[in-house]
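Quick notes on the structure that follows.
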């Protein structure tokens with residue numbers, strides 16, 4: 002746990018209490034379900050594990066990554082959900098869920114400095130990334146999932162592909178740190194970024210647009226797809242559509258519902274564009290939704306003045322810890338979601 006914990010952005014004991022909440026939900030095999038009695042999914046499991054790393058709970062975080070390694074399928078993927086020690090939903094495997102392990106492994110290494118850990122999980126990351134890039138089209142976007150039999154479900158999500166874009170940055174940094182050259186991954190990341198910026202027609206082709214979701218708005222900023230003036234303009238364009246003054250960020254633009262995790266992620270996106278004042282103001286207000294056990298309620302319906310759903314998800318607590326780190330600089334991983342840093346050779350970085 003960080004030795005010096007500033008209290009400007011969060012209450013005293015916040016880091017300790019948040020970690021205890023996640024630890025109390027973690028199962029003996031290392032899985033971190035959403036909450037007691039619910040399932041775990043690979044993406045949200047990693048989000049909670051990153052919270053444990055920030056709190057200095059290295060053994061528990063590494064146990065979480067070991068669970069992923071133990072459950073990785075031969076093709077490098079994971080099913081969409083697990084419960085009670087086995088796969089709970091085998092209808093599909095989602096590409097952004099699979100890729101996110103690279104972000105988690107790199108995040109833990111940045112904090113722990115443990116190169117043996119990085120080397121141990123390199124084969125897991127490599128298989129996961131190769132699975133994901135097998136779903137990339139000639140246009141650059143990445144199919145969102147495969148079905149039970151491994152057939153691609155052929156469409157792409159802006160939020161999902163943006164998350165993959167950050168995961169590819171982390172995967173490339175792992176490869177570089179271990180002396181492994183992966184130019185194909187760099188080319189794939191470049192093509193994905195170009196598709197996200199310049200080919201909007203390649204997303205939401207077979208279903209209703211996801212533009213009503215706030216994550217489609219800010220995730221391309223959070224993950225470094227957009228930066229500088231373009232990123233600032235993107236956030237400003239829909240600020241009034243998604244942000245409720247004094248409460249937080251809506252999950253969708255047509256419901257009176259603010260959610261804590263989206264507000265945390267928007268906090269980090271604001272930091273990425275230099276809007277530190279806005280970020281701090283948004284984040285400070287989220288602590289009103291912390292319960293006595295250290296957990297945070299998922300969301301709040303302000304029209305009804307009611308907590309909803311009545312769930313305290315581990316990934317929400319993970320997001321609270323990530324945003325706290327980004328604001329207060331608690332760990333060496335504090336800038337992971339507020340900047341892009343590729344440790345590749347200059348010739349390859351020029352392709353990014």
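Residue numbers (my numbering): 2 to 353. All C-beta atoms in this analysis are idealised placements derived from N, C-alpha and C, irrespective of residue type, glycine included.
{"Check": "Assuming residue 128 contacts residue 52 (C-beta within less than 8 Å), just tell me the rounded distance between them.", "Outcome": "Not quite, the Cβ-Cβ distance comes to about 25 Å (not below 8 Å), so this is no contact."}
{"Check": "Sorted by chain position, which residues of the same chain lie with C-beta nearer than 6 Å to residue 159's C-beta, five sequence neighbours on each side aside?", "Outcome": "204, 217"}
{"Check": "Nearest to residue 327 by alpha carbon, out of 274, 240, 311, 310?", "Outcome": "274"}
{"Check": "On a CA-only basis, which of 233, 248, 340 is nearest residue 306? Give me that one, please.", "Outcome": "248"}
{"Check": "Using a Cβ-Cβ cut-off of 6 Å (strictly less than) and excluding sequence neighbours within five positions of residue 220, which residues of its own chain qualify?", "Outcome": "160, 163"}
{"Check": "With DSSP collapsed to three states, give me the class of residue 95.", "Outcome": "strand"}
{"Check": "Would you kindly report the start and end of the unbroken alpha helix (DSSP H) that includes residue 217?", "Outcome": "215-223"}
{"Check": "Can you check the region 130-184 for any beta strand (DSSP E) of at least 3 residues that lies completely inside it and give the ranges in chain order?", "Outcome": "146-148"}
{"Check": "Check each candidate in 321, 341, 340 and name the one with the smallest Cα separation from residue 55.", "Outcome": "321"}
{"Check": "Three or more beta-carbon pairs under 8 Å between the region 334-341 and the region 21-31, yes or no?", "Outcome": "no"}
{"Check": "Can you grab the Cα-Cα spacing for the pair residue 82 / residue 228, in whole Å?", "Outcome": "33 Å"}
{"Check": "Please classify residue 182 as buried or exposed, where buried requires at least 16 other C-beta atoms within 10 Å of its C-beta.", "Outcome": "exposed"}
{"Check": "Contact check, residue 49 vs residue 315 under 8 Å by CB: the rounded distance?", "Outcome": "4 Å"}
{"Check": "Using a 10 Å radius around the Cβ and a threshold of 16 neighbouring Cβ atoms, would you call residue 37 buried or exposed?", "Outcome": "exposed"}
{"Check": "Opposite residue 291 in the DSSP bridges: which residues?", "Outcome": "297"}
{"Check": "Look up residue 308 in the DSSP assignment and give the residues it is bridged to.", "Outcome": "301"}
{"Check": "State yes or no: is the C-beta of residue 317 within less than 7 Å of the C-beta of residue 259?", "Outcome": "no"}
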